[in-house]
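By numbering that gives the first Met the number 0, the letter at position 152 of the sequence shown is numbered 151, and the numbering carries on one by one without gaps.
Glycine included, every Cβ here is placed at the ideal spot set by N, Cα and C.
Notes for the one structure printed next.
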Amino acid sequence: MLFTTSRLDLRELTADDLPALRAILQDPETMTAYEGAFDEQMVQAWLSRMRERYRDDGFGLWAVVLRESGEMIGQCGLTRQHILGEDVIEVGYLFNREHWRRGYATEAAAGCRDHAFTALGADRVWAQVRDTNIASMNVAIRLGMTVRGRFIKHYRGVDMPHLAFAIDRPAE
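The following block contains the structure:
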């Protein structure tokens, strides 16, 4: 187990998580900000990329598991990204639609934000949010993040406007 919150456990994704991962990545509504659902090859590539990130960076998007049931309900974690001309640590979150609006994304992302500050020594944590994704913007705001700029991300053949949210390490 990487770490826990009051209701959730976060751990590395494995091949055993593929059914739950498919339920997230192959759902058209959940994946609207990514321009649609992933096919099987994209799901496999996603899992492989996360496994590479664990190996190379020591972190990535982790499986978010309900402690009460053991069910994987989403992914949340830290990744290296290039935002506003800087290489940064970003917190990302993507949850099964059946578990939206219950505070899980905010709870998991707050744990990841704190992990970035304490375990990784980050001075700032970012979140990149597509400018049409109000729910993800609200999670970033609940994390104490503010908008630091706008940028365009080119993904799946589409130019997608994004907001760059960030929070600085709290003063000690």
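Item: Proximal residues to V90 (C-beta, below 8 angstroms), its chain only, five neighbours per side dropped; Value: C75, G76, L77, A108, C111, R112, A115, V124, W125, A126 and L142
Item: Strand pairing of H81, partner residues [DSSP]; Value: D86
Item: For I151 and H81, the rounded distance between their alpha carbons; Value: 12 angstroms
Item: M71 (DSSP reduced to helix, strand or coil); Value: strand
Item: D122 (DSSP reduced to helix, strand or coil); Value: coil
Item: Burial state of V64, where buried means 16 or more other Cβ atoms lie within 10 Å; Value: buried
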